[in-house]
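See below for the structure under consideration.
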Amino acid sequence: MEALKVWSLTASPLRQLLRLSSSSTAIYGRRSHRSSLMLRCASAASSSSSSNAATAETPKPSGRNRRAGSSSNSTSDREAIRSIRLKKVEELRGQGVEPYAYKWEKSHSANQLQEIYKHLANGEELNDESDRVSIAGRVVARRAFGKLAFLTLRDDSGTVQLYCEKERLSDEQFEQLKAFIDIGDILGASGSMKRTEKGELSICVNSFSILTKSLLPLPDKYHGLTDIDKRYRQRYVDMIANPEVADVFRKRAKIVSEIRKTVESSGYLEVETPVLQGAAGGAEARPFVTYHNSLGRDLYLRIATELHLKRMLVGGFEKVYEIGRIFRNEGLSTRHNPEFTTIEMYEAFSDYQSMMDMAELIVTGCAMAVNGKLTIDYQGTEICLERPWRRETMHDLVKEATGIDFSELGDDLGKAKDAVLLALQDVLEHKDKSGIGACSSLGHLLNEVFEVVVEPKLVQPTFVLDYPIEISPLAKPHRGNAGLTERFELFICGREMANAFSELTDPVDQRKRLEEQVRQHNAKRAAAAAETPEGKAKKDDDDDDDDESYEVTLDEDFLTALEYGMPPASGMGLGIDRLVMLLTNSASIRDVIAFPVLKVQQ
Amino acid sequence: MDSTTSSTADGAGAPSKNALKKELKMKQREEERRRKEEEKAKQAPKATSQKAVAADDEDMDPTQYFENRLKYLAAEKAKGENPYPHKFAVTMSIPEYIEKYGGLNNGDHVEDAQVSLAGRIMSKRSSSSKLFFYDLHGEDFKVQVMADASKSGLDEAEFSKLHANAKRGDIVGVTGFPGKTKRGELSIFPRSFILLSHCLHMMPRKAENVSAKKPESWIPGEPRNPEAYVLKDQESRYRQRYLDLMLNVEVRQIFKTRANIISYVRRFLDNQRFLEVETPMMNMIAGGAAARPFVTHHNDLDMRLYMRIAPELFLKQLIVGGLERVYEIGKQFRNEGIDLTHNPEFTTCEFYMAFADYNDLMKMTEDMLSGMVKELTGGYKIKYHANGYDKEPIEIDFTPPFRRIEMIGELEKVANLNIPKDLASEEANKYLIDACAKFDVKCPPPQTTARLLDKLVGEFLEVSCVNPTFIINHPEIMSPLAKWHRSNNVLTERFELFINKHELCNAYTELNDPVVQRQRFADQLKDRQSGDDEAMALDETFCSALEYGLAPTGGWGLGIDRLAMLFTDSQNIKEVILFPAMRPQDDPAAAKASLQAGNKGE
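As they're listed, the protein sequences go chains D and F. The letter at position 521 of the first sequence is residue 521 when you use the UniProt record's numbering, and the numbering goes up by one with no holes. The letter at position 320 of the second sequence is residue 320 when you use the UniProt record's numbering, and the numbering goes up by one with no holes.
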């Protein structure tokens, strides 16, 4: 065992020796799991190699530096390692070597090499000029012998081993390799291809260059990575330690690109509408407020792109879309980040039926692009995305789940509430009951029952159709059913993925509905203010003041645009973060956003 | 080459489609000309009846007109009619229609074909109560609707009532058969004619006495002529972009060109295996550039957040994390004044490429921009009204390679200076203050060396950069995030690309030595303390990311809006932003009145 030998030479603590030997056995035994196992090896090696290097370099290593080997987690040890490595930076410069290089020409990625040379037999080496390669990446494992050193280099695509023989390198280079290279450094190397007797594809290095000297040790697999908070705060550490994290972001890029491809091949034009707006409309949510100095006015961050995209339809574009960031001043959760990404798309002369087809097309296209199949696993549940998806009205779903037929409840809200409470008395929790009590209309009541009873059960893709008009201020009245709108939401895994409607085009009706929305909002706001007579001072500390304490204003410009005539149209908004969560089997939205918003660190 | 296509997914298919569209446009222009001549010829005998129709649109008071339209809608609703239908099944787009039937012989009718078209009526004429002519506009093209009572299936009274209610600006769906008039005008002869949406305001109209010449169909890289627009008033054009899009044909092309630019950049980078990512727009620190940020507040977290001024620091963290090539196209926000080249939110592309340096990036910049100009315009040269629309346009030549000038060397040469070599010294500062005074170059305090140099470069170098020119090797004091030059350490490996005297790109070999980076931030802090509130703030997370090792990396930023301005012959950034930031309007009614007065005044 080469690895065992090297470690026994370096006088590292026994615990690590054991860990390493077991993992390196695994490396050679089961190649398919190499990257993650290699990493374990890397982290262990990381700390001890630096303490090792410290021994080599600094004449009087303090006991503290030595201890850095066994627990690189504590701050003081980190500081110690940093100062050792800073010294190496200085020494390298003293030797005329710049440890922060300017550039490296690489001929291949690690994965390309693994692919091209997969048929190379054990022990075989290629010395043809055309098999000279150069590569660059981060050192994630390192084993040094007297005249031989093995490094594992990881790049964007995968890993490959560097086989560094003293006789192929200059003396200075070999010494540099042994004394100055730590796990975590970024190297460029060139040489010829060989597969070792043990079957490891390697580059026999003729020359290498330190491209970037790292100052901090890579995290230990067992410590750094279980610290979830740190994973999000220092995403780069997470990505170095867990290569699969980067895969989520690769898939995310693929999904966005696939969505774009799908809509552009249907003739949609990509546009950009403002983030900073005089009035935040198009949804009901608390907006972020900011202030523009030179205009001397407050501006709101958009909570939806809807109202501006519809202006584009008025302007004569028949199919437009925008993929962009939306901002809502709300609490954090596994499904909510204050900024998130949506696609909104609008098509003239069509209705919500055609948007259902579009939703199916987009989601299945993305699933195929990312997973190559339509049956996916989400957190242990199998989801089948085969088209067509179930399409059911909200009324029917509620009736199916509760036995209550809202179309027969009549117009009396009080009686309807009693009927609902009676029918569901065993199902509802206390807060649900008070939610039902607070409903201000039959439409709200229907929606409340739907959200409480039906929504969580919509695991397989389901289009929920025909929402009540009271909760759909931008949707067109249903052509067949009074009191309803032509609107659907798409649910998968109990989560709303998309929201779409036949767009309301009647400016008179639209004004009435938006005015009603403002009126209701202000009423709630007034009620909330009345509940806390101490006023603002108290509200500032109050956790549940989040609902109505912001201002909602009419977007007059939008209404004027409608007065110039908007063609019949359908529109849809789809949450890209949630789609990425679904297709990458990620439990939290923070897993699919590279730098999520987090609470201030204590 | 025309670039009207919005489908960019398939590059190979695009040229033929473009060529086709161009041909269509030519044909349309020809037909337009022919029709105008015919109209002139027949104007004399039919003058009375044509005028009668025009009169009911033109002579009414705008408020009265609006109220009449509202009354009409209310009456329709009272009758139980829905004046805003949910959907209209379009069987063919207008360009497809022209393509398919444009070749008919004069006088031919294809009565057994049935086609449904939809669009906006932009012109209405009639010769009797039994015969109405409309221009139906959709997707840049138009077709004539020739509504004949005898083919409508309606009795004469119904027919004339229907058409009396169809106003210029309304959106209609027409089902009928294709044919050409005896005079050769491609038309659709409706069997049904449905009003889909209504224009309640009087549509601004081009006065007849204004030059009858229709603006030539415009393609990117060609000069524009906004003076000939139907809607000229800038305030109205920017505030009510939908009217601008409806009435000014070229404006649609501006935004299609913008979409094509972005799509080209994306394709260029995707082809080189760059990954598109999204980084936060709201941060605890606004870093990566020197600018005043927007401030907002997250209620639930009680946290102050800044809108990003650049994505740079996050993108570099992703390179540290192991993604070797990343880019982001997105909005940046700067809390600055609004002028011809500044909007508070604007779009940039930044990319970061591991193992590359600024020399590679200059080559990529040349390839990208020259390739883009070639694809969008068909050649390397564009016309641009650099000195206003009333002067002759200049020519800008994108033929690669672009000129490169050394910032300090060239400045010394052009201004005949001998700047002290140690730019960080008091002596250099003093020298530059004197130089500015000598040439009467204004530099408001604080007169830091960086700011003084910037002003001198603006005065002496930037003015000469009309064709694309790289100004390279900026002093370190001006470039806190760029790496020191490998052969002269008071300079950095940085370039800015100037075109038409404006900065389009900014790029450098990234500074990846964490110690030097911290030192640079400390120097920035000194500038900040001396009153330069645009000096950069230290970002601790970023610095510690560098300590884990950032590979040698080339980083690059491009201002998309400014590029769009160049290709669309726009001197004002508002021309290329759909909804630019505008001063608040105290009285929307006044604006409306000014719009209508403007139209009449023509």
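Cβ coordinates follow ideal geometry from the N, Cα and C atoms, glycine included.
Taking only the alpha-carbon atoms, compute the straight-line gap between residue i and residue j and give it to the nearest angstrom.
| i | j | result |
| --- | --- | --- |
| D:T75 | D:I240 | 20 Å |
| D:L424 | D:R479 | 31 Å |
| F:R252 | F:P480 | 41 Å |
| D:D509 | F:V326 | 47 Å |
| F:L70 | D:N481 | 25 Å |
| D:T485 | F:F255 | 33 Å |
| F:F159 | F:V172 | 15 Å |
| D:L307 | D:V133 | 55 Å |
| F:Y134 | F:L247 | 16 Å |
| F:E227 | F:E276 | 40 Å |
| D:N293 | F:N335 | 6 Å |
| D:K213 | D:E167 | 25 Å |
| F:D300 | D:N329 | 7 Å |
| D:L309 | D:H108 | 44 Å |
| D:E284 | D:I303 | 8 Å |
| D:E503 | D:R487 | 9 Å |
Which same chain residues, not among the five before or five after residue i, have their C-beta less than 6 Å away from its C-beta?
| i | result |
| --- | --- |
| F:F268 | M368 |
| residue 608 of chain F | What is shown of chain F runs 1 to 602, which leaves residue 608 of chain F out entirely. |
| F:E111 | F177 |
| D:I362 | I259, T262 |
| D:V552 | V518, H521 |
In the DSSP assignment, what are the bridge partners of residue i?
| i | result |
| --- | --- |
| F:R451 | Beta-bridge pairing links F:R451 to no other residue. |
| D:P477 | D:T485 |
| D:A569 | D:A348 |
| D:L153 | D:V139, D:V160 |
| F:N488 | F:H485 |
| D:E91 | D:E91 is not bridged to any residue. |
| F:T553 | F:A354 |
| F:G559 | F:T348 |
| D:S134 | D:S190 |
Would you call residue i buried or exposed, if buried means 16 or more other Cβ atoms sit within 10 Å of its Cβ?
| i | result |
| --- | --- |
| F:H297 | exposed |
| D:V427 | exposed |
| D:C439 | buried |
| D:S333 | exposed |
| F:D389 | Just to set this straight, residue 389 of chain F is Tyr in the shown sequence, not Asp. It is exposed - the Cβ of F:Y389 has fewer than 16 other Cβ atoms within 10 Å. |
| D:I135 | buried |
| D:H119 | exposed |
| D:L177 | buried |
| residue 603 of chain D | Residue 603 of chain D falls outside the range modelled here, since chain D spans only 1 to 602, and no answer is possible. |
Which same chain residues end up closer than 8 Å to residue i when comparing Cβ atoms and leaving out the 5 residues on each side of it in sequence?
| i | result |
| --- | --- |
| F:R451 | C443, D532 |
| D:A587 | T334, Q379, M581 |
| F:G337 | none |
| F:S570 | R224, I254, A564, V576 |
| D:Y291 | R297, D298, L299 |
Using a Cβ-Cβ cutoff of less than 7 Å, which residues in the same chain neighbour residue i once the five nearest sequence positions on both sides are dropped?
| i | result |
| --- | --- |
| D:V256 | I323, I576 |
| D:W389 | E360, P461, T462, F463 |
| F:G601 | Because F:G601 carries a pLDDT of 32, less than 50, the predicted location of this residue cannot be relied on, and no value is offered for it. |
Review point. On the three-pair Cβ rule with 8 Å, is the segment 509-525 of chain D touching the segment 472-480 of chain D?
Key: yes
Exercise for review: Pair every Cβ in the segment 398-415 of chain F with every Cβ in the segment 460-476 of chain F, then say whether three or more of these pairs are closer than 8 Å.
Suggested key: yes
Check your understanding: Are three or more beta carbon pairs between the segment 324-343 of chain F and the segment 84-94 of chain D nearer than 8 Å?
Key -> Judged by Cβ distances under 8 Å, the segment 324-343 of chain F makes no contact with the segment 84-94 of chain D, as fewer than three pairs qualify.
Exercise for review: Mind the definition here: the segment 184-204 of chain D touches the segment 550-564 of chain D only if three or more C-beta pairs lie below 8 Å; say whether that holds.
Suggested key: no
Exercise for review: Pair every Cβ in the segment 337-351 of chain D with every Cβ in the segment 310-328 of chain D, then say whether three or more of these pairs are closer than 8 Å.
Suggested key: yes
Practice item. Could you tell me whether the segment 106-118 of chain D touches the segment 151-161 of chain D, where touching means 3 or more Cβ pairs closer than 8 Å? Key: yes
Review point. Any contact of the segment 497-506 of chain F with the segment 558-577 of chain F, i.e. 3+ C-beta pairs under 8 Å?
Key: yes
Review point. Between the segment 70-90 of chain F and the segment 189-201 of chain F, do three or more beta carbon pairs fall short of 8 Å?
Key: yes
Check your understanding: Hey, is the segment 243-262 of chain D in contact with the segment 218-236 of chain F, meaning 3+ C-beta pairs nearer than 8 Å?
Key -> no
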